[in-house]
Amino acid sequence: MSQYLEKVAGPADIKQLTVAQLETLAGEVREELIRVLSRNGGHLGPNLGVVELTIALHRVFNTPRDKFVWDVSHQVYVHKILTDRKNRFRTIRQTDGLNGFALRTESPHDCYGAGHAGTALSAALGMAAARDKKGTDENIVCIFGDAALTNGISFEALNNIGHTTKRFIGVLNDNEWSIAKNVGAVSNYLNKLITHPRYNKLAKDFQNFLSRWPKGQVALKLARKAEEGFKGAITDVGLRQTGSLVDTDGRGGYGSPIFFEEMGLRYLGPIDGHDLPLVISTLEFAKTCDHPIVIHLLTQKGKGFEAALKSPEKFHGTGPFDVKTGDSLPVKAGTPPNYQDVMGQTMVKLCSKDNTLVGITAAMPSGTGMKYLERAMPDRYYDVGIAEEHAVIFAAGMATMGLHPVVAIYSTFLQRAYDCIHHDVCLQDLPVIFCMDRSGLSANDGPTHHGLFDIAYLRCLPNVIAMAPKDEDELADMMFTATHEPHPTFIRYPRGTGEGVPLKEQPQLLAIGKVEIVKNFSGSGKRKVALFGLGPMNNIARRAAAQLVAEGFDCAVINPRFTKPLDAGTHEFFGKTADVIVTLEDHVLMGGYGAAVLELFSEKGVTTPVIRIGWPDQFIEHATTQDELRQKYGLTVENTVAKVQAQFAETPVVSPKLIEVA
Ligand SMILES: Cc1ncc(C[n+]2csc(CCOP(=O)(O)OP(=O)(O)O)c2C)c(N)n1
0 MSQYLEKVAG
10 PADIKQLTVA
20 QLETLAGEVR
30 EELIRVLSRN
40 GGHLGPNLGV
50 VELTIALHRV
60 FNTPRDKFVW
70 DVSHQVYVHK
80 ILTDRKNRFR
90 TIRQTDGLNG
100 FALRTESPHD
110 CYGAGHAGTA
120 LSAALGMAAA
130 RDKKGTDENI
140 VCIFGDAALT
150 NGISFEALNN
160 IGHTTKRFIG
170 VLNDNEWSIA
180 KNVGAVSNYL
190 NKLITHPRYN
200 KLAKDFQNFL
210 SRWPKGQVAL
220 KLARKAEEGF
230 KGAITDVGLR
240 QTGSLVDTDG
250 RGGYGSPIFF
260 EEMGLRYLGP
270 IDGHDLPLVI
280 STLEFAKTCD
290 HPIVIHLLTQ
300 KGKGFEAALK
310 SPEKFHGTGP
320 FDVKTGDSLP
330 VKAGTPPNYQ
340 DVMGQTMVKL
350 CSKDNTLVGI
360 TAAMPSGTGM
370 KYLERAMPDR
380 YYDVGIAEEH
390 AVIFAAGMAT
400 MGLHPVVAIY
410 STFLQRAYDC
420 IHHDVCLQDL
430 PVIFCMDRSG
440 LSANDGPTHH
450 GLFDIAYLRC
460 LPNVIAMAPK
470 DEDELADMMF
480 TATHEPHPTF
490 IRYPRGTGEG
500 VPLKEQPQLL
510 AIGKVEIVKN
520 FSGSGKRKVA
530 LFGLGPMNNI
540 ARRAAAQLVA
550 EGFDCAVINP
560 RFTKPLDAGT
570 HEFFGKTADV
580 IVTLEDHVLM
590 GGYGAAVLEL
600 FSEKGVTTPV
610 IRIGWPDQFI
620 EHATTQDELR
630 QKYGLTVENT
640 VAKVQAQFAE
650 TPVVSPKLIE
660 VA
């Protein structure tokens with residue numbers, strides 16, 4: 000039974016509690032997070048790490064008037080609980096429930112939506128600039144993780160802050176982890192800041208100093224004084240860092256906050272992000288600053304839950320788990336492998352035979368399956384951080400030197416690198432292989448994560464070869480085929496488990512731009528339906544065909560394999576021999592595979608009706624399962640069958656083509 004959480008109906012209630020009561024509240028919030036996420040799954044580790052920070056933010060600031068902008072916003076669960084959504088928290092990531100990210104339509108306390116990394120600093124700076132222009136005085140607080148600093152956009156924003164506004168509060172939530180361990184020079188730099196012995200001492204002094212004082216003007220004044228002394232000392236160390244001080248890692252000395260200072264931000268920290276009174280005092284202090292400021296908080300991902308502390312990567316985003324042990328719920332025997340595992344294992348297999356191949360991930364070694372390569376052949380593996388644009392151009396550079404890079408990026412995150420795909424890879428016709436995981440729905444995550452646009456954004460680019468496997472074995476074939484291509488190749492495949500087909504020992508080469516005819520017309524003379532089921536939708540096409548055959552139709556099922564180049568001959572042939580064509584795709588209809596078929600038919604003068612099954616022209620919400628959304632939007636066997644039936648109900652019983660066949 001919670002003592003305080005029950006009584007907190009909104010941020011105003013947080014302001015009524017003492018610091019000791021808020022500390023108890025922090026424990027209750029953690030219990031609620033663990034309880035709900037053990038059932039629903041979600042971003043447990045990141046949220047356990049920001050409990051004190053979020054309480055402190057709501058203690059010091061007043062949303063919705065003040066604005067909190069969260070990077071990625073996967074760590075907003077505590078904010079949701081403390082604002083106006085506590086009673087609905089148990090519905091998070093479920094159908095009709097709360098979204099797992101900040102969502103403007105969900106609450107006035109969510110001033111900016113996200114799901115992709117690296118956007119918060121720019122958005123918050125835009126808000127600050129707008130505020131300054133309007134002459135209002137709300138506080139804009141940007142909360143961003145250490146991994147957000149591996150992202151280019153964050154740096155573009157940092158570059159602008161100093162000369163754009165005088166009032167900007169950045170909170171760097173540094174837990175040393177991205178999803179996997181954070182990578183690169185920025186991560187090293189932040190570590191150096193933390194490990195400086197003198198700096199730690201000063202930070203401790205500073206913490207002790209602040210925590211001794213009650214809230215209020217005196218504390219604020221002294222806080223400022225302390226901060227000034229602290230900063231001066233550190234700057235001094237920074238200037239002398241090539242001197243007698245010993246390097247922490249032998250690669251360039253201790254860190255100094257000069258980097259932030261030169262960017263025009265006052266730097267304060269690092270401070271213990273779980274020391275609630277200290278975080279509150281520091282934020283109070285930041286509120287009074289008439290200069291952009293960044294507060295460097297050290298937090299622990301998974302704080303308060305042993306299993307999450309032990310396995311930060313697993314609990315970054317977890318499925319349901321056992322609260323006592325932290326173990327994931329057992330997978331049913333016979334469950335097919337995940338696409339990402341097949342991709343990772345195939346990568347290792349291909350790399351062991353072809354030493355021009357290398358693998359690149361943008362901070363998603365587990366999510367994409369690149370972790371298999373990391374383990375098996377670390378010298379062939381690159382994690383570039385949350386830096387999709389860089390990943391693509393980096394691959395382009397490698398390709399010019401004779402390597403054959405495989406870039407594994409979720410379809411939705413690849414959107415960010417569109418210009419790099421166009422300008423660097425396709426325009427130069429470089430042999431980069433793109434493995435686009437999560438093409439299709441990411442049901443629990445929702446619209447920020449659904450990968451429903453890649454066919455449209457790729458098929459208009461020259462030199463592209465774009466494929467979609469109907470099952471996990473064909474994914475391996477497509478990867479193998481791509482390694483033989485001197486052009487950019489893109490393979491889209493869904494989240495989750497495959498079809499359960501056996502995996503061949505050796506993947507086979509596919510003919511570029513050729514379909515697979517899964518089942519041809521029987522020649523029975525009945526009404527002819529040709530179903531083109533792309534990727535995982537081929538399964539639905541096959542099942543719909545079986546039902547239609549039982550209802551008296553003659554069905555062909557085609558696995559298109561390629562969305563570019565289209566197999567023009569086979570599409571035209573079926574277009575001219577069938578009474579109805581059905582295209583099925585796990586993609587938006589606009590600009591997608593079905594649209595490509597319509598364009599082709601228009602060029603070839605094929606007038607056969609085409610039923611297109613796919614996602615409508617709207618952003619698709621989140622839901623508990625993919626199946627629920629497919630049911631709702633008609634990407635199902637039943638709807639396919641019903642549409643075919645309706646088509647024939649609208650056309651004469653005996654079509655001209657039936658007469659021809661007869
Ligand atoms: C553009 C983009 N690429 C990849 C991701 C996947 N992703 C979600 S959270 C995350 C790590 C975030 O780390 P950090 O900002 O340090 O926050 P933490 O989870 O450690 O609190 C990544 C890589 C994403 N959301 N957006």
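Numbering (numbering that gives the first Met the number 0), first residue to last: 0 to 661.
Yeah, the Cβ is synthetic: ideal placement off N, Cα and C, and Gly gets one too.
The shortest CA-to-CA distance from Pro-377 to any of Tyr-266, Ala-398, Ile-359 and Gly-384 is the one to Ile-359. Between Val-35 and Ile-91 a beta carbon distance of about 6 Å is seen, short of the 8 Å cut, so the two are scored as contacting. The alpha-carbon separation between Arg-491 and Leu-451 amounts to approximately 10 Å.
Rounded to whole angstroms, the gap between the alpha carbons of Ala-362 and Gly-524 is 55 Å. Secondary-structure assignment with DSSP links Glu-515 through a beta bridge to Asn-558. In the structure shown, Ala-475 falls within a helical segment according to DSSP collapsed to helix, strand and coil. The beta carbon of Ala-306 lies closer than 6 Å to those of Gly-325 in the same chain, with the five residues before and after it left out. Remark: three or more beta-carbon pairs, one from each stretch, lie closer than 8 Å, so the stretch 337-349 and the stretch 368-377 are flagged as touching.
DSSP places Ala-55 in the uninterrupted alpha helix (DSSP H) bounded by 50-59.
Phe-314 carries a coil assignment under DSSP once its states are collapsed to helix, strand and coil. Between the beta-carbon of Thr-488 and that of Ile-432 there is about 5 Å, and that keeps the pair under the 8 Å contact cut. For Glu-584, the enclosing beta strand (DSSP E) covers residues 579-587. With at least 16 other beta carbons inside 10 angstroms of its own, Ala-398 counts as buried.
A direct Cα-to-Cα measurement between Asn-337 and Val-640 gives close to 29 Å.
The continuous beta strand (DSSP E) containing His-295 extends over residues 292-297. Considering only Val-18, Pro-10, Ala-543 and Asp-566, the residue with the shortest C-alpha distance to Val-278 is Val-18. With respect to the C-alpha of Gln-617, the residue from Lys-503, Glu-550, Lys-469 and Gly-445 having the closest C-alpha is Gly-445.
Ligand 1 approaches Trp-176 closely enough that one of its heavy atoms is under 7 Å from the residue's Cβ. Of the other Cβ atoms in all chains shown, fewer than 16 fall within 10 Å of the Cβ of Met-400; this residue is therefore exposed.
DSSP, read as helix, strand or coil, puts Leu-124 in helix. When secondary structure is reduced to three states using DSSP, Ile-408 falls in the coil class, being assigned neither helix nor strand. If you ignore the 5 residues before and after Leu-102, its C-beta comes within less than 7 Å of the C-beta of Asp-109 and Gly-112, all in its own chain and listed in chain order. Val-596 and Thr-562 have their C-alpha atoms roughly 9 Å apart.
Per DSSP, reduced to three states, the secondary structure at Arg-87 is helical. Ranking Asn-61, Val-330 and Lys-309 by CA distance to the CA of Gly-318 puts Val-330 first.
Setting aside the 5 residues that flank it on each side, Gly-9 is surrounded in the same chain by Leu-81, Thr-82 and Asp-83, each with a C-beta closer than 8 Å to its C-beta; the list follows chain order. For Asp-289, the three-state secondary structure derived from DSSP is coil. Listed in chain order, the non-local C-beta contacts of Ile-511 below 8 Å within the same chain comprise Ile-464, Thr-480, Glu-484, Phe-561 and Pro-564, local neighbours out to five positions each way being set aside. Counting every other CB atom within 10 Å of its CB across the protein chains shown gives Ser-177 a total of 16 or more, marking it as buried. A heavy atom of ligand 1 is found nearer than 7 Å to the CB of Glu-387.
Going by DSSP, Asn-538 is part of the alpha helix (DSSP H) stretching over 536-549. Per DSSP, the beta bridge partners of Arg-611 are Thr-582. Judged by DSSP in its simplified three-state form, Met-376 adopts coil rather than helix or strand.
In this structure, the straight-line span from the alpha carbon of Lys-575 to that of Ala-555 is close to 13 Å. DSSP places His-570 in the helix class (H, G or I) of the three-state scheme. Note on Lys-132: under 16 other CB atoms within 10 angstroms of its CB, so exposed under the neighbour-count rule.
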